[in-house]
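Counting from 1, one number per residue, gives the positions in the sequence shown under UniProt numbering.
Note that beta-carbon positions come from the ideal geometry of N, C-alpha and C, so glycine has one too.
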Amino acid sequence: MSLSIVKSVLSGGVVEISPRGEIDVDTAYEVREAIAEVLAKGRPTRIELNMRLVTFIDSVGISAMVAGFQTAEVSGVKLVVTEPSRFVHRQLWVTGLLGLFGAPEPYYAGAPAPEVLPGA
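See the structure below:
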């Protein structure tokens, strides 16, 4: 399976990067490049790496995420992971990196959306 990446601008100057497919030795560079491209175009308030549609990630993919985190941090931009698939969540947990990316809860298809409280 290949990897596709969609970038979206959300409210508040947040940029969402949404990879779909497998992030492995053959495709990890695409994640690094997507983050670098967002930072080259400006300074978003935050970058959200939405990992809901990632079906597989290996150590090279995890390394690319860490490199992207560090690149964003040097630029003064916070990079967080949102909606990780159960597989991605497990890999981040096993490697001890879940907290680095904001300790997101795993995405469950069909689960109700979290309630957002006013002022939160």
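- Per the C-alpha coordinates, the member of Trp93, Lys78, Gly76 positioned closest to Pro84 is Trp93.
- DSSP, read as helix, strand or coil, puts Ser4 in strand.
- Straight through space, the alpha carbons of Ala72 and Thr55 are spaced by roughly 24 Å.
- In terms of CA proximity to Arg20, Ile57 leads the group Gly102, Tyr108, Ile57, Lys41.
- For Glu22, the uninterrupted beta strand (DSSP E) run begins and ends at 14-23, by DSSP.
- Closest by C-alpha distance to Val88, out of Gln70, Met65, Phe69, Val74, is Met65.
- With contacts defined by Cβ atoms closer than 8 Å, Leu49 and Val81 form a contacting pair.
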